[in-house]
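> Residue numbers (the numbering used here), protein chains in the order written: chain A, 14 to 246; chain B, 14 to 246; chain C, 170 to 386; chain D, 170 to 386.
The beta-carbon is built from N, C-alpha and C at its ideal position, and this holds for glycine as well.
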Amino acid sequence: MKKVVNDADEAIHDIQSGMTLMLGGFGLCGIPENCIAALVKKGINNLVCISNNAGVDHFGLGLLLQNRQIRKMISSYVGENDEFERQMLSGELEVDLIPQGSLAERCRAGGAGIPAFFTPAGYGTEIAEGKEVRIFNGKPHILESALTADFAIVKAWKGDHYGNLIFKGTARNFNPMMAMAGKITIAEVEELVEPGALDPNFIHTPGIFIQRIFQGKNYEKRIEQRTVRTKSQ
Amino acid sequence: MKKVVNDADEAIHDIQSGMTLMLGGFGLCGIPENCIAALVKKGINNLVCISNNAGVDHFGLGLLLQNRQIRKMISSYVGENDEFERQMLSGELEVDLIPQGSLAERCRAGGAGIPAFFTPAGYGTEIAEGKEVRIFNGKPHILESALTADFAIVKAWKGDHYGNLIFKGTARNFNPMMAMAGKITIAEVEELVEPGALDPNFIHTPGIFIQRIFQGKNYEKRIEQRTVRTKSQ
Amino acid sequence: MLDKIGIAKRIAQELKDGWYVNLGIGIPTLVANYVPFGIDVEFQSENGILGMGPFPFEGEEDPDLINAGKQTVTLRPGACIFDSAMSFAMIRGQHVQLTVLGAMEVSDEGDIANWKIPGRMVKGMGGAMDLVASAENIIVAMMHTNKAGESKLLKQCTLPLTGVKCVKKIVTELAVLDVTPEGFKLIERAPGVSVEHIIKSTEGRLIVEGEIPEMII
Amino acid sequence: MLDKIGIAKRIAQELKDGWYVNLGIGIPTLVANYVPFGIDVEFQSENGILGMGPFPFEGEEDPDLINAGKQTVTLRPGACIFDSAMSFAMIRGQHVQLTVLGAMEVSDEGDIANWKIPGRMVKGMGGAMDLVASAENIIVAMMHTNKAGESKLLKQCTLPLTGVKCVKKIVTELAVLDVTPEGFKLIERAPGVSVEHIIKSTEGRLIVEGEIPEMII
Chain A
14 MKKVVNDADE AIHDIQSGMT LMLGGFGLCG IPENCIAALV KKGINNLVCI
64 SNNAGVDHFG LGLLLQNRQI RKMISSYVGE NDEFERQMLS GELEVDLIPQ
114 GSLAERCRAG GAGIPAFFTP AGYGTEIAEG KEVRIFNGKP HILESALTAD
164 FAIVKAWKGD HYGNLIFKGT ARNFNPMMAM AGKITIAEVE ELVEPGALDP
214 NFIHTPGIFI QRIFQGKNYE KRIEQRTVRT KSQ
Chain B
14 MKKVVNDADE AIHDIQSGMT LMLGGFGLCG IPENCIAALV KKGINNLVCI
64 SNNAGVDHFG LGLLLQNRQI RKMISSYVGE NDEFERQMLS GELEVDLIPQ
114 GSLAERCRAG GAGIPAFFTP AGYGTEIAEG KEVRIFNGKP HILESALTAD
164 FAIVKAWKGD HYGNLIFKGT ARNFNPMMAM AGKITIAEVE ELVEPGALDP
214 NFIHTPGIFI QRIFQGKNYE KRIEQRTVRT KSQ
Chain C
170 MLDKIGIAKR IAQELKDGWY VNLGIGIPTL VANYVPFGID VEFQSENGIL
220 GMGPFPFEGE EDPDLINAGK QTVTLRPGAC IFDSAMSFAM IRGQHVQLTV
270 LGAMEVSDEG DIANWKIPGR MVKGMGGAMD LVASAENIIV AMMHTNKAGE
320 SKLLKQCTLP LTGVKCVKKI VTELAVLDVT PEGFKLIERA PGVSVEHIIK
370 STEGRLIVEG EIPEMII
Chain D
170 MLDKIGIAKR IAQELKDGWY VNLGIGIPTL VANYVPFGID VEFQSENGIL
220 GMGPFPFEGE EDPDLINAGK QTVTLRPGAC IFDSAMSFAM IRGQHVQLTV
270 LGAMEVSDEG DIANWKIPGR MVKGMGGAMD LVASAENIIV AMMHTNKAGE
320 SKLLKQCTLP LTGVKCVKKI VTELAVLDVT PEGFKLIERA PGVSVEHIIK
370 STEGRLIVEG EIPEMII
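#1: Mark Gly104 of chain B as exposed unless 16 or more other C-beta atoms lie within 10 angstroms of its C-beta, in which case mark it buried.
#2: My output table needs one value for Gln246 of chain A: the three-state DSSP class, helix, strand or coil.
#3: Thinking just about the alpha-carbon of each residue, which of C:Ile260, C:Ile250 and C:Gly279 is nearest to the one in Glu351 of chain C?
#4: Indicate whether at least one CB of chain B lies closer than 8 Å to the CB of Cys249 of chain C.
#5: At a cut of 8 Å, does the region 46 to 54 of chain A reach the region 177 to 188 of chain A through at least three beta carbon pairs?
#6: Within the region 186 to 272 of chain D, note down every full beta strand (DSSP E) run reaching 3 residues or more, in order along the chain.
#7: Rounding to the nearest angstrom, what Cα-Cα distance links Leu211 of chain B and Phe224 of chain C in this structure?
#8: Entirely within the region 207 to 245 of chain B and at least 3 residues each: give me those beta strand (DSSP E) ranges in chain order.
#9: Anything in chain D within Cβ reach of Gly124 of chain A, meaning under 9 Å, just list it in chain order.
#10: Any beta carbon from chain B within less than 8 Å of Leu160 of chain C's own beta carbon?
#11: Start and end of the beta strand (DSSP E) containing Cys62 of chain B?
#12: Quick check on the DSSP output: the alpha helix (DSSP H) that includes Phe187 of chain A runs from which residue to which?
#13: Out of curiosity, what's the CA-to-CA distance linking Gly172 of chain A and Ala24 of chain A?
#14: Looking only at its own chain, which residues have a Cβ that is under 8 Å from the Cβ of Asn19 of chain B, when we skip the five neighbours before and after it?
#15: So, is Ile368 of chain D buried or exposed, given that buried needs 16 or more other C-beta atoms within 10 angstroms?
#16: Evaluate the contact criterion for the region 279 to 288 of chain D versus the region 204 to 224 of chain D: three or more CB pairs, one atom per stretch, below 8 Å.
#17: Quick check: Leu330 of chain C and Ile281 of chain C, are their CB atoms within less than 8 Å of each other?
#18: In the DSSP output, which residue or residues are listed as bridge partners for Val42 of chain A?
#19: Going by C-alpha distance, which of B:Pro213, B:Glu157 and B:Arg225 is nearest Arg245 of chain C?
#20: Distance cutoff 8 Å, beta carbons only. Does Asp277 of chain C sit that close to anything in chain G?
#21: In this structure, does DSSP put Ala78 of chain B in helix, strand or coil?
#22: On the DSSP bridge assignment, give the partners of Ile256 of chain A in chain order.
#23: Can you list, in chain order, the residues of its chain with a C-beta nearer than 7 Å to that of Ile114 of chain A? Leave out the 5 residues immediately preceding and following it.
#24: Quick check: what's the CA-CA separation for Ile250 of chain D versus Asn188 of chain B?
#25: In terms of alpha-carbon separation, which member of D:Ala344, D:Phe353 and D:Ile376 lies closest to Pro382 of chain D?
#26: Which value, in whole angstroms, describes the spacing of the CA atoms of His264 of chain D and Ile221 of chain A?
#27: Of all the options D:Val210, D:Arg179 and D:Tyr203, which has the alpha carbon lying nearest to the alpha carbon of Tyr175 of chain A?
#28: Could you spell out where the beta strand (DSSP E) holding Met86 of chain A opens and where it closes?
#29: Return helix, strand or coil for Glu142 of chain A, following the three-state DSSP convention.
#30: Where does the unbroken alpha helix (DSSP H) through Ser115 of chain A begin, and where does it stop?
#31: Please list the terminal residues of the continuous alpha helix (DSSP H) segment that includes Leu300 of chain C.
#32: Mind pulling the chain D residues with CB within less than 8 Å of Ile216 of chain A?
#33: Is His71 of chain B helix, strand or coil when you go by DSSP?
#34: Assuming contact is defined by CB atoms lying nearer than 8 Å, are Ala177 of chain D and Val200 of chain D in contact in what I supplied?
#35: Against chain A, does Arg179 of chain C count as a neighbour if the rule is that its beta carbon must be under 8 Å from one of theirs?
#36: Look at Ala129 of chain A and Thr161 of chain A and say whether their C-beta atoms are less than 8 Å apart.
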């Protein structure tokens, strides 16, 4: 089991132009910052990126968009990003919008060997166009297919040499199911620990899904909406 | 949120003859011992029980079988139980055998609002009889439907007043997905703790799936196959 | 006429003890501030929280703890965190008793449109399509008319749909309305608002039966 | 001729560094004891373990820690525990590189039967149907003939199937055979076993090409 690599550059060395990538995160929370930076540096393009959001103008996937490295985004929500909107409305960027729950389940299905499943989400909307409809318990459902990727790139809080991962707070989000769905899955972690340091009872993502892991550095963890209350409240 | 009940008798008071129950556990590991005892005492019958196994001759679901309270078992493996075999071969007991992974996924699907999904398991076998077959990526799959139950009964290690659960070791097994699939889900726990006592980051089953919870007692935790090595090895 | 807080307060009256509730972005989020005394509800955030608490005190923001609106939040005791697949398992599996969300348009059959204005605005549906396709109980919180003064309660939606025949109740600055097989049914008037005003502001089929009481906020 | 331990040792030679491996009950379980030096494999137990270790020392058995054969086991450092849905997500999603299991019959097309004898024995398929339908690499460990001396390597299985066209390799007390489109292909003989003996013990199509080497155990 030789999963540990030195850094993001080594982890992504064989990702090539035109490939399909899954990237964990919700907004800017739990995104693989180191790998995104390495992809920007590497400069490959024509990428298909599956990610719930598309980052903001100068951070997260917004960096890859700005650099025109993404050909197509598969997401559920893409607000908060002017450059994205510009590229989409001008037709430079292909966009496939998917209901958030269907996106999550399609990634899980991809990892779990389930090629397709029925869900009520999107029935009667343009999302259902061209999709099989079937009634279960009197309620119409549409058939959704699994999603997989050449590479899945996830960010965890801690991970061990076997690739076992734990996440912190809502930085978990899409990371666990995308980890399952990559042909090769790269995990960047804030802290890389020895096997045995994590409690086997409380692993969020079993190491079997992870092919490469490294300890990232200089996490910015930008906050999109800093909302607070004052002590007097 | 009034989920805490006093004991197994109160938790199962409205389970009636003819109902469909899901019961967590793998072999005798992680089974809801208190609730099974209460069901035996209550004496209702004609139950349909969904459980990976059927207990052994004088413990676990074997107690309900012995007492002739079960009309039908839905399981993946039912060895180790002479009374079961007798009732099945004599036609007294209806048995639906399901591949273990399909059983787990069908329970999860039932809890997750996914009425049906495709799986390769069982294609070309008698399990596939009457089921829709479809090819994905050149490989035949069969359509399996969700399972739900009038009551799901699970056993956890610790739980809080909101119904959040954590499991210990392989006593987890089918408990989390069955917890999701009960119209009413009862959790018996070895230790009932105050809200806030469990780390929110490491909850196995979110409380939203649990309607009733109580602290069980006198757990026997029988071992089916006591296998050991000696220190000299 | 209600302000946004008034709408939130009125919706909060619909909450029942023990419910799990998903609140959308905007007015729905405000509902959490007006939970009636003695009622214990848990708020679900679809990015992976049950038991969401208030905003953190200044200086205590955690970038790894946000809600679905990407706002920094806190956890209540007894909260739990989970991944997106589990979150939508809860939603799709109808374990969440109430969804409150905003809308651009609602039809008198309960169709809702809130995610796209073709050629102009395409932010995406986020979790809204899963929520409206799954929840038994969907309340829409919105203004009765748009900025141009046109009704948002229509015979048919003109924008791309988010879901069909799913909205159960609408609370606007003017009224509370149920969606019935016969169309919108006026249940309550906002303080100082006349039935005529509501009739004039509603394009879809509207049922007005008997005396319409004024809301008590 | 090999004994059960010999079969397990021969199968252990197939292991590759970094593989995740699921071992069935019986002979397959023994494979874990003969992992070649320098090879690091992780054993998956479908009831929810990755990184299964040896049996516990006497007095250290934990009823909450068993394998799929319901035997008390231990965990290796770096192990992890998960639920049954996650376990079969790993299996069905082809994240487990090798499955080793027993069989009552195997056909020369790679069909396998190992879960039911109609009217006599119906213990259930457990996880076997998921495993054989999913794994890329399936090795069957079994005796070449049954107690009546009849071949278990058949043209067609007579018992209800567990899976179709899935077995890749068979290791018996007599031989190692690959399953090819043309039938069983003899790869190695067990020590002291003649090719004639193997031919006589095999009912299905058998390919014998050139000199068949004796196994090195």
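Here's the rundown:
#1: Numbered from its first residue, the second sequence carries residue 104 of chain B at position 91. Exposed.
#2: Residue 246 of chain A sits at position 233 when you count from the first residue of the first sequence. Here the model assigns Gln246 of chain A a pLDDT of 48, short of 50, so the residue's position is not dependable and the matter cannot be decided.
#3: One-based indexing of the third sequence puts residue 351 of chain C at position 182. Nearest of C:Ile260, C:Ile250 and C:Gly279 to Glu351 of chain C, Cα basis: C:Gly279.
#4: By one-based count along the third sequence, residue 249 of chain C stands at place 80. True, the Cβ-Cβ gap to chain B drops below 8 Å.
#5: no
#6: 189 to 192, 211 to 214, 218 to 221, 244 to 250 and 267 to 270
#7: By one-based count along the second sequence, residue 211 of chain B stands at place 198. By one-based count along the third sequence, residue 224 of chain C stands at place 55. Approximately 21 Å, taken between the alpha carbons.
#8: 225 to 228
#9: Position 111 of the first sequence, counted from the start, is the residue given in the question as residue 124 of chain A. Here the neighbours are Ala258, Met259, Gly262 and His264.
#10: Residue 160 of chain C cannot be examined here, being either before or after the span of chain C that is shown, 170 to 386.
#11: Residue numbering aside, residue 62 of chain B sits at position 49 when the second sequence is read from its first letter. Cys62 of chain B -> beta strand (DSSP E) spans Leu60 to Ile63.
#12: Within the first sequence, numbered from 1, the residue matching residue 187 of chain A stands at position 174. No alpha helix (DSSP H) holds Phe187 of chain A; DSSP gives it neither H nor E.
#13: In the first sequence, counting from the first residue as 1, residue 172 of chain A sits at position 159. In the first sequence, counting from the first residue as 1, residue 24 of chain A sits at position 11. C-alpha separation (whole angstroms): 15 Å.
#14: Position 6 of the second sequence, counted from the first residue, corresponds to residue 19 of chain B. Excluding residues within five positions, the ones whose Cβ falls inside 8 Å are Phe227.
#15: On the fourth sequence, position 199 is the one that residue 368 of chain D refers to. Ile368 of chain D should be labelled exposed.
#16: no
#17: One-based indexing of the third sequence puts residue 330 of chain C at position 161. One-based indexing of the third sequence puts residue 281 of chain C at position 112. Result yes, Cβ atoms of Leu330 of chain C and Ile281 of chain C sit closer than 8 Å.
#18: Position 29 of the first sequence, counted from the start, is the residue given in the question as residue 42 of chain A. Correcting the residue identity first, residue 42 of chain A is Cys in this sequence and not Val. In the DSSP output, where bridge partners are listed per residue, Cys42 of chain A has A:Phe39.
#19: Sequence index remark: in the third sequence, residue 245 of chain C carries index 76 (1-based). Comparing Cα positions, the closest option is B:Pro213.
#20: Here the protein chains are A, B, C and D, and chain G is not one of them.
#21: Here residue 78 of chain B is taken as the residue at index 65 of the second sequence, counted from 1. Correcting the residue identity first, residue 78 of chain B is Leu in this sequence and not Ala. If DSSP states are grouped into helix, strand and coil, Leu78 of chain B belongs with the helices.
#22: Chain A is shown from 14 up to 246; residue 256 of chain A falls before or after that span and cannot be answered.
#23: Counted from its first residue, the first sequence places residue 114 of chain A at position 101. A quick correction: the sequence has Gly, not Ile, at residue 114 of chain A. Correct list, in chain order: Ala134.
#24: Against the fourth sequence, residue 250 of chain D aligns to sequence position 81. Against the second sequence, residue 188 of chain B aligns to sequence position 175. Taking the straight line joining both Cα atoms gives about 13 Å.
#25: Residue numbering aside, residue 382 of chain D sits at position 213 when the fourth sequence is read from its first letter. When each option's Cα is compared against that of Pro382 of chain D, the closest is D:Ala344.
#26: Against the fourth sequence, residue 264 of chain D aligns to sequence position 95. Against the first sequence, residue 221 of chain A aligns to sequence position 208. Rounded to the nearest angstrom, the two C-alpha atoms are 7 Å apart.
#27: Within the first sequence, the letter at position 162 stands for residue 175 of chain A. Checked all of D:Val210, D:Arg179 and D:Tyr203; the closest Cα to Tyr175 of chain A is D:Val210.
#28: Along the first sequence, one-based indexing puts residue 86 of chain A at 73. Unbroken beta strand (DSSP E) run through Met86 of chain A: Ile83 to Ser88.
#29: Numbered from 1 along the first sequence, position 129 holds the residue referred to as residue 142 of chain A. Glu142 of chain A: coil per DSSP, three-state reduction.
#30: Reading the first sequence from its first residue, position 102 is the one you call residue 115 of chain A. Boundaries of the alpha helix (DSSP H) around Ser115 of chain A: Gln113 to Ala125.
#31: Counted from its first residue, the third sequence places residue 300 of chain C at position 131. Its alpha helix (DSSP H) spans residues Ala297 to Ser303.
#32: For this step, residue 216 of chain A is matched to residue 203 along the first sequence. Near Ile216 of chain A (Cβ distances below 8 Å), the residues of chain D are Cys249, Ile250 and Phe251.
#33: Taking the first residue of the second sequence as 1, we reach residue 71 of chain B at position 58. Note: His71 of chain B maps to coil in three-state DSSP.
#34: Translated into the one-based positions of the fourth sequence, residue 177 of chain D becomes position 8. Translated into the one-based positions of the fourth sequence, residue 200 of chain D becomes position 31. Yes, the Cβ-Cβ distance between Ala177 of chain D and Val200 of chain D is below 8 Å.
#35: Counting from one through the third sequence, the residue named residue 179 of chain C turns up at place 10. Not closer than 8 Å to any Cβ of chain A, the Cβ of Arg179 of chain C fails to qualify, so no.
#36: The count along the first sequence starts at 1 and reaches residue 129 of chain A at position 116. The count along the first sequence starts at 1 and reaches residue 161 of chain A at position 148. Between Ala129 of chain A and Thr161 of chain A, the C-beta spacing is not below 8 Å.
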